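Visitor:
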RNA sequence: GGUGAGGUGGCAGAGCGGUUAUGCGUGGGCCUGCAGAGCCUAUACAAGGGGGUUCGACUCCCUCCCUCACCUCCA
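Residue numbers (our numbering): -16 to 451.
Have a look at this one:
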């Protein structure tokens, strides 16, 4: 059944907006500038959109999801100079790293990952149109967008133009008509450069997202997103360019994800307080990171701390236990109660996500189900008949949240059962030392035994380095 | 200075004008040969300060204080 409705808070109108879920949902996410490794702040934004997309798809909605790579930028050039490499080398390297990291985080690949350097022509024709309309002008150092020609400038970030100028911290550039005007094309005679009708150079930052989103999603698509820090100037400028170009409203919903902070301060390269995806991945693995990133409402900041990640390890262990109890459940019993609980949790889960994508509440519903199942398991009330009903639902939630329990082969299961049998007979003979040795041996392959009254269950624990 | 977001119990974190959020932690217990895991149970005068509106406010209004973000590149 398709999702009946989806409400998302729109930064532009400052209110929740309902999306038409009967049609394809087109999403454009501003991705990363590939000049360095990705950190947990990037991961949060990308995981939020990944789950949004998975949620819609789990509801059989069609989603077209575009995420760009900014692969031409001053910082890339700077880095290249420092290393004696080309900008191309740098961006290729960090795109590779990006996929290494985000595949490991179990982020579903976007429909497409357009790169700025592959869309220079699209950008140029967009700029040409703006120049023709006299909204952009050619100056000494490049082609600029004349902010004064776009009446609604500031509508997204709620800024007043005169206040922007007076509060500006940037040096005034005399070559521009107005200090607020921003570059569409920068003249340069250093690589990387491209020809343009106005001279050699490279595109400004914002124009790529206008060009590529319009190219792949059309002039008026559903959701445009990114981190909160992109609201100004990036998204503000995108709106100015795109709407000047198309004379139509740009994205229907602007969805912005809050910052990841450390000790209350924004995680960023310039503050030197970043935790790289790679680093945290090694300590905690993808599931914990995902749970952490989804633990609060996407619009609010979330404070990175080892304590919080560790709290999520505990939760994850509960999930693993629950999953394996279901997998190993046998026999039959009545399923009415559990059916009620499932449908309740399922509804709460979906309602939470439909209502401004409240992952925090959705996780509450998810863990409620997990807890309930573990309770049944502890009371020896879990049966195959229950598992058959619950597993598909639970797995759908895993899928939406992007959580993965490592697969286990039939052979592994057989050999584990064999060892458990052996241990059981040792225990019956009260040869506890031998039984414990066997348990240790099993533990080495990551299998944890769970002794119940009349049987021994087990689970394959994900190895988590920071789980001490 | 301007703009925006926010201040909830030890920590994390939702919703809501009147009913227990929830989780982690902590105390006690059950289970076990032991251990782990799990379960049960208890626990929090919770709402930044001060005013108001209301029969009733954590939830609405005003005010003060504080934090963060953006106003430069930033997810």
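For each residue, glycine too, the CB sits at the ideal point set by N, CA and C. Computed from a predicted structure; not experimentally measured.
Can you list, in chain order, the residues of its chain whose CB lies under 6 Å from that of residue 14, leaving out five sequence neighbours each side?
Guide: 50, 51, 52
Visitor: I'd like to confirm the pairing. Which residues does DSSP put opposite residue 188 in its beta bridges?
Guide: Partner(s): none; residue 188 has no beta bridge.
Visitor: Looking only at its chain, what residues have a beta carbon closer than 8 Å to the beta carbon of residue 133, apart from the 5 residues adjacent to it on each side?
Guide: Excluding positions up to five away in sequence, the list reads 118, 223, 226, 227.
Visitor: Does the pairing of the region 116 to 130 with the region 85 to 93 give three or more beta-carbon distances under 8 Å?
Guide: The count of Cβ pairs closer than 8 Å, one atom from the region 116 to 130 and one from the region 85 to 93, stays below three, leaving the stretches out of contact.
Visitor: Taking residue 347 as the reference, give the member of 298, 135, 359 with the closest Cα.
Guide: 298
Visitor: For residue 525, collect the residues of the same chain with a Cβ closer than 6 Å to its Cβ; drop the 5 residues on either side in sequence, then sort them by chain order.
Guide: The question about residue 525 has no answer, for the chain in this structure spans -16 to 451.
Visitor: Within this structure, are the beta carbons of residue 9 and residue 46 separated by less than 9 Å?
Guide: Yes.
Visitor: To the nearest angstrom, report how far apart residue 140 and residue 147 are at their CA atoms.
Guide: 11 Å
Visitor: With a 10 Å radius around its C-beta and 16 neighbouring C-beta atoms as the bar for buried, classify residue 423 as buried or exposed.
Guide: Looking at its Cβ environment, which holds fewer than 16 other Cβ atoms inside 10 Å, residue 423 is exposed.
Visitor: Name the DSSP bridge partner or partners of residue 120?
Guide: 127
Visitor: Once the 5 residues before and after residue 215 are set aside, which same chain residues still bring their CB inside 8 Å of it?
Guide: These residues qualify, in order along the chain: 139, 140, 142.
Visitor: When the Cα atoms are used, what is the spatial distance from residue 378 to residue 41?
Guide: Between residue 378 and residue 41, the C-alpha separation is close to 11 Å.
Visitor: Cβ of residue 90 within 9 Å of Cβ of residue 33?
Guide: The answer is yes: Cβ separation under 9 Å.
Visitor: At the level of alpha carbons, what is the spacing between residue 213 and residue 92?
Guide: 22 Å
Visitor: Cα separation between residue 278 and residue 97?
Guide: 30 Å
Visitor: Go through its chain and collect everything with a Cβ distance to residue 206's Cβ below 6 Å, but skip five positions before and after it.
Guide: 10, 236, 238
Visitor: Just the C-alpha distance for residue 0 and residue -9, rounded to the nearest angstrom, thanks.
Guide: Distance between the alpha carbons of residue 0 and residue -9: 5 Å.
Visitor: When you compare only the Cα positions, how much space is there between residue 316 and residue 324?
Guide: 16 Å
Visitor: In chain order, what residues of the same chain have a beta carbon less than 8 Å from the beta carbon of residue 452, not counting five sequence neighbours either side?
Guide: Look at the range of the chain in this structure, -16 to 451, and you will see that residue 452 is not part of it.
Visitor: Please classify residue 146: does DSSP put it in a helix, a strand, or coil?
Guide: helix
Visitor: Quick one: is residue 415 buried, meaning 16 or more other Cβ sit within 10 Å of its Cβ, or exposed?
Guide: exposed
Visitor: Using DSSP's beta-bridge definition, name the partner residues of residue 16.
Guide: 53, per the DSSP bridge assignment.
Visitor: According to DSSP, residue 166 sits in a beta bridge with which residue or residues?
Guide: Residue 166 is bridged by DSSP to 127.
Visitor: With distances taken Cα to Cα, identify the nearest neighbour of residue 230 among 122, 418, 135, 249.
Guide: 135
Visitor: Helix, strand or coil: how does DSSP classify residue 68 here?
Guide: coil
Visitor: Distance check for residue 3 and residue 440, CA to CA, integer angstroms please.
Guide: 46 Å
Visitor: Measure how close the beta-carbons of residue 281 and residue 340 come, nearest whole angstrom, since I'm counting them as under 8 Å.
Guide: 6 Å
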